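Below is one structure, written out as structure tokens, with a few remarks after it.
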Amino acid sequence: KQEVTQIPAALSVPEGENLVLNCSFTDSAIYNLQWFRQDPGKGLTSLLLIQSSQREQTSGRLNASLDKSSGRSTLYIAASQPGDSATYLCAVNTGNQFYFGTGTSLTVIP
Amino acid sequence: SAVISQKPSRDICQRGTSLTIQCQVDSQVTMMFWYRQQPGQSLTLIATANQGSEATYESGFVIDKFPISRPNLTFSTLTVSNMSPEDSSIYLCSGGQGDTGELFFGEGSRLTVL
Chain A
18 KQEVTQIPAA LSVPEGENLV LNCSFTDSAI YNLQWFRQDP GKGLTSLLLI QSSQREQTSG
78 RLNASLDKSS GRSTLYIAAS QPGDSATYLC AVNTGNQFYF GTGTSLTVIP
Chain B
18 SAVISQKPSR DICQRGTSLT IQCQVDSQVT MMFWYRQQPG QSLTLIATAN QGSEATYESG
78 FVIDKFPISR PNLTFSTLTV SNMSPEDSSI YLCSGGQGDT GELFFGEGSR LTVL
């Protein structure tokens, strides 16, 4: 069974800092990997989707990479802002099921 | 991308009652799912909503407690039956697009059972 882990569980950084969030998974046979943002008490907002054949995807200040062979993905956030404060989750799609990590709670301090 | 509307956004309910949550997608999705997220935890899949047939439930979830309907490709409902305080959670509807495999979520329904 696929297991998805996110480290660290919580992260606090000063505004303007670049940061990296990590996601690891145990089975490299994936269809795609998706990064989400979740604000407190709200649903999940899709940030980036990386297909299994891709190495990275970029959207604005966000860059996500995928290394299937090592079972890792990273989400890079450039020039962090207080509005980036949220919980970030990664999800692995095996083709017939989605497996979610436990998330990284990010706080960007003004 | 798909836009998913979910209602109610929140509700406070009495023990023993039932609540139905509605989920509407603005475009056809291949898959629809219902998740539960308890405070401070990640998402737990309740079931896959199948169009025109019975939902596929995950271990620990049963149809009598969480009846689900999906009459067409863009609409589904989840009922939380005979609620207890342990059912207090955020319930999330999601839709998956078959071509990209991308998953989209509604805003969630925050349920508090007294």
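Protein chains in written order, with this note's numbering: chain A, 18 to 127; chain B, 18 to 131. Glycine is no exception: its CB is placed at the ideal position from the N, C-alpha and C atoms. Source: prediction; values computed, not measured.
Residue from the options with nearest C-alpha to residue i
{"i": "A:ARG89", "options": "A:LEU61, A:THR104 and A:GLN71", "result": "A:GLN71"}
{"i": "A:GLY77", "options": "A:ILE94, A:SER87 and A:SER69", "result": "A:ILE94"}
{"i": "A:TRP52", "options": "A:LEU92, A:SER122 and A:ILE24", "result": "A:LEU92"}
{"i": "B:GLN68", "options": "B:ALA19, B:MET49 and B:SER35", "result": "B:MET49"}
{"i": "B:VAL130", "options": "B:GLN31, B:GLY113 and B:THR37", "result": "B:GLN31"}
{"i": "A:LYS18", "options": "A:GLN114, A:GLY120 and A:SER122", "result": "A:GLN114"}
{"i": "A:GLY118", "options": "B:GLN54, B:SER22 and B:SER105", "result": "B:GLN54"}
{"i": "B:ILE29", "options": "B:ASP81, B:MET100 and B:ILE21", "result": "B:MET100"}
Reduced DSSP category for residue i - H, G, I as helix; E, B as strand; rest coil
{"i": "A:PRO99", "result": "helix"}
{"i": "A:ASP44", "result": "coil"}
{"i": "B:ASP28", "result": "strand"}
{"i": "B:PRO88", "result": "strand"}
{"i": "A:GLU20", "result": "coil"}
{"i": "A:LEU84", "result": "One detail in the question is off: residue 84 of chain A reads as Asp in this sequence, not Leu. A:ASP84 falls in the strand class under three-state DSSP."}
{"i": "B:GLU124", "result": "coil"}
{"i": "B:GLU119", "result": "coil"}
Residues that residue i bridges to, as DSSP identifies them
{"i": "A:ASN110", "result": "A:ASN49 and A:PHE115"}
{"i": "A:PRO31", "result": "A:ILE126"}
{"i": "A:VAL37", "result": "A:TYR93"}
{"i": "B:ALA64", "result": "B:TRP51 and B:TYR74"}
{"i": "A:ARG72", "result": "Answer by DSSP bridge pairing: none, since A:ARG72 is not bridged."}
{"i": "B:THR34", "result": "For B:THR34, which the question treats as bridged, DSSP gives no partner whatsoever."}
{"i": "B:VAL42", "result": "B:ILE21"}
{"i": "A:GLN55", "result": "A:LEU61 and A:THR104"}
{"i": "B:SER93", "result": "B:CYS40"}
Cut-off 7 Å between Cβ atoms - residues of its own chain near residue i, not counting five sequence neighbours on either side
{"i": "A:VAL125", "result": "VAL30, GLU32, SER97, GLN98, PRO99, ASP101 and SER102"}
{"i": "B:ALA64", "result": "TRP51, ALA72, THR73, TYR74, GLU75, PHE78, PHE83 and ILE85"}
{"i": "B:ALA19", "result": "VAL42, ASP43, SER44, VAL46, GLY112, GLN114 and PHE121"}
{"i": "A:GLU34", "result": "SER97"}
Nonlocal neighbours in the same chain, by C-beta distance under 8 Å from residue i, ignoring five residues either side
{"i": "B:GLY113", "result": "VAL46, THR47, MET48, MET49, PHE50, GLU119, LEU120 and PHE121"}
{"i": "A:GLN24", "result": "With the sequence shown as reference, residue 24 of chain A is identified as Ile, and Gln is not the correct amino acid for it. Once the five neighbours on either side are set aside, the close Cβ partners of A:ILE24 are ASN39, SER41 and THR121."}
Sequence-distant residues of the same chain with beta carbon closer than 6 Å to residue i, five excluded per side
{"i": "B:LYS24", "result": "GLN39"}
### Task
Count the C-beta pairs between the region 77 to 87 of chain A and the region 42 to 52 of chain A that are closer than 8 Å, then say yes if the count reaches three, no if not.
yes
### Query
Looking at C-beta atoms only, is the number of pairs between the region 95 to 103 of chain A and the region 83 to 94 of chain B that lie closer than 8 Å three or more?
no
### Message
Contact between the region 27 to 47 of chain A and the region 105 to 114 of chain A is defined here as three or more beta-carbon pairs at a separation below 8 Å; is this criterion met?
### Response
yes
### Query
So does the region 62 to 69 of chain A actually touch the region 33 to 41 of chain B, counting three or more Cβ pairs closer than 8 Å?
no
### Task
State whether the region 99 to 114 of chain B contacts the region 54 to 67 of chain B, with contact taken as three or more CB pairs (one from each stretch) at a distance under 8 Å.
yes
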